[in-house]
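Its first residue numbered 1, the sequence shown is counted upward by one per residue in full-length UniProt numbering.
Below is one structure; the comments refer to it alone.
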Amino acid sequence: MAEKNSRTSSDSPSTRAAASKKPSAPRIPVHQIYALPAPIRTFPLPSFYPSNPLSLAHLIYIWLKQTVFARPPNEPSKLYQGEWSPETRSVKISDVEAIRALWEQGFFGKGSLSRSEPNWLKREMNRRGVDSVSVAEQNTNKRREERLRAKWERARLEQELIEQTRLEESLAAAVLPASYVPQAIVPPVGPLELLRLPNSASDLEVPPSIPSSTSGLATGTSGVSCDVATLAEQSQVNGSAHPSSHKIEGLHHLLKKQKNVRFSGGVASTTFDQNEPPSPRGSQSQLLEDYLKPSPVQKGQGNDISHRTPLDETRNLEHLQLSAQEAFYLSFAIGALAVVDPKTQAIMSNLELLHLFADHYYFPPRLPSHASSGLRTDDPFLVHYVVYHHFRSLGWVPREGVKFGVDLLLYRRGPVFDHAEFGLVVLPSYSHPDWNLEERKHPQQHLSWFWLHGIQRVLSHVLKSLVLVYVDIPPPSTVDLVSDPNKGIVGLLERYKVREVMVRRWSSNRNR
Numbered sequence: 001m002a003e004k005n006s007r008t009s010s011d012s013p014s015t016r017a018a019a020s021k022k023p024s025a026p027r028i029p030v031h032q033i034y035a036l037p038a039p040i041r042t043f044p045l046p047s048f049y050p051s052n053p054l055s056l057a058h059l060i061y062i063w064l065k066q067t068v069f070a071r072p073p074n075e076p077s078k079l080y081q082g083e084w085s086p087e088t089r090s091v092k093i094s095d096v097e098a099i100r101a102l103w104e105q106g107f108f109g110k111g112s113l114s115r116s117e118p119n120w121l122k123r124e125m126n127r128r129g130v131d132s133v134s135v136a137e138q139n140t141n142k143r144r145e146e147r148l149r150a151k152w153e154r155a156r157l158e159q160e161l162i163e164q165t166r167l168e169e170s171l172a173a174a175v176l177p178a179s180y181v182p183q184a185i186v187p188p189v190g191p192l193e194l195l196r197l198p199n200s201a202s203d204l205e206v207p208p209s210i211p212s213s214t215s216g217l218a219t220g221t222s223g224v225s226c227d228v229a230t231l232a233e234q235s236q237v238n239g240s241a242h243p244s245s246h247k248i249e250g251l252h253h254l255l256k257k258q259k260n261v262r263f264s265g266g267v268a269s270t271t272f273d274q275n276e277p278p279s280p281r282g283s284q285s286q287l288l289e290d291y292l293k294p295s296p297v298q299k300g301q302g303n304d305i306s307h308r309t310p311l312d313e314t315r316n317l318e319h320l321q322l323s324a325q326e327a328f329y330l331s332f333a334i335g336a337l338a339v340v341d342p343k344t345q346a347i348m349s350n351l352e353l354l355h356l357f358a359d360h361y362y363f364p365p366r367l368p369s370h371a372s373s374g375l376r377t378d379d380p381f382l383v384h385y386v387v388y389h390h391f392r393s394l395g396w397v398p399r400e401g402v403k404f405g406v407d408l409l410l411y412r413r414g415p416v417f418d419h420a421e422f423g424l425v426v427l428p429s430y431s432h433p434d435w436n437l438e439e440r441k442h443p444q445q446h447l448s449w450f451w452l453h454g455i456q457r458v459l460s461h462v463l464k465s466l467v468l469v470y471v472d473i474p475p476p477s478t479v480d481l482v483s484d485p486n487k488g489i490v491g492l493l494e495r496y497k498v499r500e501v502m503v504r505r506w507s508s509n510r511n512r
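Here it is as structure tokens:
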């Protein structure tokens, strides 16, 4: 008997449901996914300790293994390919493997249909119910909705408290004199009070009522209120006659005709109120179900004419967008990206990319003349790329900062791990004597204290520090180093100098 009970308990619905669930795949830690800071792999040598002779033997063994016996491939071992998009002034990456590699190894680019990480496909699969993995945008929206509900609840409680306080104050202030206070009702027990009582119900004052011929009009018609008794008892004004009986009967006939109208139960109303909430059937999930549900006509047909895409075969419509600085850094500094010209389908060199990005950094794009290449040492692209390259080489993760009104945002490790700590504003500095000629000097942006306070207030609201990055522009003649076969682009970029100035608000009460 005990064995039978144990079998019954083991075959319970909850046990079968738990057994039918597939074991979820182990989640990979975030630190392992984003372990590489760039799309290249390094092979460091072990540390050498003079007090430990065995560490020297280990060092020699690893060095011989990496250089002679089992030499690893040259880095970058894989070259990714992108296409230049003049419409968006960015480099488009369409390969799924390249998208994940560039994002997970340095946080390069952004999704064309996402805020930052290219995870549109995950959101779409989650919305359709195929995959239950949540993404960052959904978690952010959930937190925002919770904060909004908390704010509404707090405002409601505050409003109720205010109304309660006002009511108590009004009751306390409503002190009436004794003459206004109603006296207690004394029952009629005396002879005079009994004589004043009505003898029957007919002695009571009866309010004017609607005749029987018009009874039920108010319930039969909506929006029609006509007191026929009042019309019949109207007095003459300025010699006007009483309303005739046939007019009233016509009115009664019209009202009865409107009353007797009956609507079919299958006819729905075509009017709607703009203040009403939207119908739940108008949601995207319901529209998707209605779209994928076969119609009765298709069910009766023998052939299947459904050409809709199944839920588990959703095509990825998102691509990765690389900014001009990111694309040039991957192509020139690392060598892990090849940019293709959309017209000729040829891979562009680093010098061609430099001229292309410098021209398209203006709006509308700058057209170089035949006399000169059009490249200047104070071009906005060159100035911003120097700052981008400078902080990338120091281990920071710079990203676009237009959301907060700055040029770049600095992350310590990346947007997956933490928020940006600093907001950078790039300012060119014409400190070289050759820039004293105003006709050759590039026009600078006019800055003011209002602009500085506005940027500082925006960044302080999101707990970020403002950093002014001054870039010392080399003289105009330095641009010819690009054509030098020995120095090239490296010879031009090494002439720039970067200086950082952190701006903080000083308060006499806080900074003592």
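C-beta atoms are modelled at their ideal positions from N, C-alpha and C, and glycine is treated no differently.
Fair warning: this is a prediction, and the values are worked out from it, not measured in the lab.
Hey, Tyr61 and Ser55: beta-carbon distance below 8 Å or not? no
What are the start and end residues of each continuous beta strand (DSSP E) run of 3 or more residues lying completely inside the UniProt domain "tRNA intron endonuclease catalytic" (381 to 472), in chain order? 397 to 400, 408 to 411, 422 to 429 and 465 to 472
If you run the structure through DSSP and keep just helix, strand and coil, what is Tyr80? strand
List in chain order: all unbroken alpha helix (DSSP H) runs of 4+ residues lying wholly within the segment 20 to 58. 30 to 33
Verify whether the separation of the beta carbon atoms of Ala38 and Ile334 is less than 8 Å. yes
So what's Leu367 in DSSP terms, helix, strand or just coil? coil
One question on the structure: do Leu320 and Ile99 come within less than 8 Å of each other, judged by their Cβ atoms? yes
Report the three-state DSSP secondary structure of Leu481 (helix, strand or coil). Looking at Leu481 - three-state DSSP - the assignment turns out to be helix.
Can you check whether the CB of Ile473 is closer than 8 Å to the CB of Pro428? Yes; because the gap between Cβ atoms is below 8 Å, this pair is in contact.
Run through DSSP, which three-state label would Glu500 get? strand
DSSP on Gly129, reduced to helix/strand/coil? coil
C-alpha gap between Lys497 and Thr42, whole angstroms: 28 Å
What's the C-alpha gap between Met502 and Gln345? 45 Å
Residue closest to Lys65, alpha-carbon to alpha-carbon, out of Asn52, Leu45 and Pro53: If you compare the alpha carbons of Asn52, Leu45 and Pro53 with that of Lys65, the shortest gap goes to Leu45.
Please state whether the Cβ-Cβ distance between Phe404 and Val462 is less than 8 Å. yes
For Ser90, report the span of its beta strand (DSSP E) as first-last. Judged by DSSP secondary structure, Ser90 falls within the beta strand (DSSP E) whose first and last residues are Ser90 to Ile93.
Hey, quick one: how far does the beta strand (DSSP E) through Val96 stretch, first residue to last? Segment Val96 to Glu104 is the alpha helix (DSSP H) holding Val96; no beta strand (DSSP E) there.
Taking the beta carbon of Arg392 as the centre, do at least 16 other beta carbons fall within 10 Å, making it buried, or is it exposed? Buried, since its Cβ has 16 or more Cβ neighbours within 10 Å.
Alpha helix (DSSP H) segment containing Gln164, residue limits: Ala136 to Ala173
Euclidean distance between Cα positions of Pro365 and Gly374: When rounded, the distance between both Cα atoms is 11 Å.
Would you check if the distance between the CB atom of Arg128 and the CB atom of Ala324 is smaller than 8 Å? no
Identify, in the order they occur along the chain, each residue of the same chain with its Cβ nearer than 6 Å to the Cβ of Pro118, setting aside the five sequence neighbours on each side. Ile99, Gly111, Glu318 and Leu320
Since Leu356 contacts Met348 with CB under 8 Å, what's their CB separation in whole angstroms? 7 Å
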